[in-house]
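*Asks:*
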Amino acid sequence: MNDVLRQPAEVIWKAEIDALCANAGSKPAGWAMTPQAAVTYLLGGEAADGTQITPKYVGQKRLIETAVATLATDRALLLLGVPGTAKSRVSEHLAAAIAGDSTLVVQCTAGTDENQIRYGWNYAQLLANGPSDEALVPTPLYRAMETGKLCRMEELTRMGSDVQDTLITVLSEKMMPIPELNKAIYATRGFNIIATANNRDKGVNELSSALKRRFNVVVLPLPDDIDEEVSIVTKRVGEMAQGLELPMPKNVAAEVARVVTIFRELRDGQTLDGKTALKAPTGTLSTAEAIAVMVGGLSQAAFFSDGVLNADGLAPNVLGAVVKDPVQDKTVLAEYLETVVKKRRDYADYYSVLTEIL
């Protein structure tokens with residue numbers, strides 16, 4: 028039995044990647060498959076041998092084509108969007124398709140320093156023998172440059188501006204100086220960076236103009252309409268439930284539609300028909316949060332409700348997603364319940380449970 032909670036994309040989707048790598052066509056240096064095949068891997072389709080490719084991202088084809096085309100040049104890629112727009116998912120699958128390795132990741136935080144971006148040192152060897160190749164500890168970025176692969180940098184704007192600018196030399200010169208060893212490493216063909224960022228998070232550090240110029244920005248939007256969002260959430264919930272070995276009740280799609288409706292209306296500040304204006308909560312209520320709410324509800328249904336998925340299990344998760352500010356968001360949700368949800372017969376159970384626990 029495999030005890031790994033989650034395998035990287037290149038392991039989970041190995042059969043599809045292998046089939047697409049066999050597609051005929053011109054491949055950029057260091058790429059495992061053609062750019063056209065990479066787009067097919069992300070959006071779904073069929074490989075040359077007839078293998079059916081599952082969609083990994085539901086959205087506009089031109090955005091994925093732009094992202095793939097960018098990575099075939101000497102410009103880095105920045106995936107920008109509000110939280111929950113599948114930036115990290117797209118980043119992982121792009122790296123898996125193009126380089127066959129999505130594990131070279133730097134998770135940027137306010138505490139990330141230059142040593143975590145460029146390289147570090149084994150201090151026992153450093154003190155014993157001084158700077159040497161053996162004492163140097165390569166980072167994911169360093170290894171990506173050496174091997175000609177893609178380095179993923181998650182939440183780039185969480186990192187301090189002075190540390191961000193460490194990337195300028197790497198992106199412009201395709202090299203990394205190591206002054207302690209009086210040498211530099213030069214990137215192997217195929218190397219590039221995929222960064223993700225959002226401007227709705229606290230602690231955001233704006234990119235400098237010099238660094239911005241070295242990225243091509245692709246903005247990943249929230250789903251255009253409710254049907255598309257319901258489809259995305261239902262698909263991802265099914266995948267996650269399978270991985271967590273949670274049963275999928277027959278009414279999952281119906282409950283997804285109700286949760287997504289609540290999220291979209293609060294997020295947009297109006298009901299779906301546009302007739303009632305609403306106050307918006309402080310959170311983003313993204314597609315990713317709707318997925319998390321549904322998975323939490325499935326878990327509660329499986330272990331505490333005899334497999335029955337209903338508002339009793341979902342409403343507490345909805346409350347947790349909506350109420351980030353205990354004062355402002357509670358007021359927003361209470362007003363929404365009274366002005367909108369109370370009038371909908373098919374939402375009576377949500378109104379009852381949410382009113383009780385709010």
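Per this note's numbering: the sequence shown = residues 28 to 385.
Ideal Cβ placement from N, Cα and C applies to all residues, glycine included.
Would Gln34 be called buried (16 or more neighbouring beta carbons within 10 Å of its own) or exposed?
*Replies:* With fewer than 16 Cβ atoms within 10 Å of its Cβ, Gln34 is classed as exposed.
*Asks:* Only counting the same chain, and skipping five residues up and downstream in sequence, which positions put a Cβ closer than 7 Å to that of Thr61?
*Replies:* Only Asn50, Gly52, Ser53 and Lys54 meet the Cβ criterion.
*Asks:* Going by DSSP, name the residue or residues bridged to Trp397.
*Replies:* Here the chain comprises residues numbered 28 to 385, so residue 397 is not present and cannot be evaluated.
*Asks:* Note down, in chain order, each residue of its chain lying with its Cβ closer than 7 Å to the Cβ of Thr174, except the 5 sequence neighbours on either side.
*Replies:* Cβ within range, chain order: Thr215.
*Asks:* Helix, strand or coil: how does DSSP classify Cys48 here?
*Replies:* Looking at Cys48 - three-state DSSP - the assignment turns out to be helix.
*Asks:* Could you tell me whether the stretch 72–85 touches the stretch 249–261, where touching means 3 or more Cβ pairs closer than 8 Å?
*Replies:* With the cut-off at 8 Å, the stretch 72–85 and the stretch 249–261 touch.
*Asks:* Just the Cα atoms here: how many angstroms apart are Leu325 and Asp45?
*Replies:* Going by the C-alpha atoms only, they are around 33 Å apart.
*Asks:* What residue range is occupied by the uninterrupted beta strand (DSSP E) comprising Gln34?
*Replies:* Premise fails: Gln34 is in no beta strand (DSSP E) and is neither H nor E.
*Asks:* From this set, Leu32, Cys178 and Asn156, which residue's C-alpha is nearest Pro165's C-alpha?
*Replies:* Nearest C-alpha to Pro165: Cys178.
*Asks:* Taking its Cβ as the centre, do 16 or more other Cβ atoms sit within 10 Å of Tyr377, making it buried, or is it exposed?
*Replies:* Counting Cβ neighbours within 10 Å, Tyr377 comes out buried, since at least 16 surround it.
*Asks:* Touching or not, the stretch 354–369 and the stretch 266–285, by the rule of three or more beta carbon pairs under 8 Å?
*Replies:* Flag = no, the stretch 354–369 and the stretch 266–285 do not touch.
*Asks:* Check for me: the beta strand (DSSP E) holding Val244 runs from which residue to which?
*Replies:* Element bounds for Val244: Phe242 to Val246.
*Asks:* Per DSSP, which one or two residues make a beta bridge with Thr223?
*Replies:* For Thr223, which the question treats as bridged, DSSP gives the partners Leu106.
*Asks:* Do you know offhand how far Ala348's Cα is from Gln63's?
*Replies:* Cα to Cα, Ala348 sits roughly 38 Å from Gln63.
*Asks:* In whole angstroms, give me the CA-to-CA distance for Gly147 and Met202.
*Replies:* The alpha-carbon atoms of Gly147 and Met202 are separated by roughly 17 Å.
*Asks:* How big is the Cα-Cα spacing for Asp373 and Glu119?
*Replies:* If you take the alpha carbons of Asp373 and Glu119, they lie about 39 Å apart.
*Asks:* Is the Cβ-Cβ distance between Pro274 and Ala329 less than 8 Å?
*Replies:* Yes, Cβ-Cβ distance for Pro274 and Ala329 is below 8 Å.
*Asks:* In or out: Arg294 buried (at least 16 other Cβ within 10 Å) or exposed?
*Replies:* By the 10 Å Cβ count, Arg294 comes out buried.
*Asks:* Three or more beta-carbon pairs under 8 Å between the stretch 89–97 and the stretch 239–255, yes or no?
*Replies:* In short, these stretches touch, since the Cβ pair count reaches three.
*Asks:* Would you call the CB atoms of Ile144 and Thr78 closer than 8 Å?
*Replies:* Against a cut-off of 8 Å, the Cβ pair of Thr78 and Ile144 comes out as no contact.
*Asks:* Give the single residue among Ile39, Arg116, Ala123 and Ser235 whose Cα lies nearest to the Cα of Trp58.
*Replies:* Nearest C-alpha to Trp58: Ala123.
*Asks:* What did DSSP end up calling Ala214 once you bin it into helix, strand or coil?
*Replies:* Three-state DSSP puts Ala214 in coil, outside helix and strand.
*Asks:* Would you mind stating whether Ser188 and Ser235 have Cβ atoms separated by less than 8 Å?
*Replies:* Closer than 8 Å, so yes.
*Asks:* What is the C-beta distance between Leu454 and Thr223, in whole angstroms, given that I count them as a contact (C-beta under 8 Å)?
*Replies:* Nothing about residue 454 can be read from this structure; the chain reaches only from 28 to 385.
*Asks:* Can you name the start and end residues of the beta strand (DSSP E) that Glu181 belongs to?
*Replies:* Segment Leu177 to Glu181, the beta strand (DSSP E) holding Glu181.
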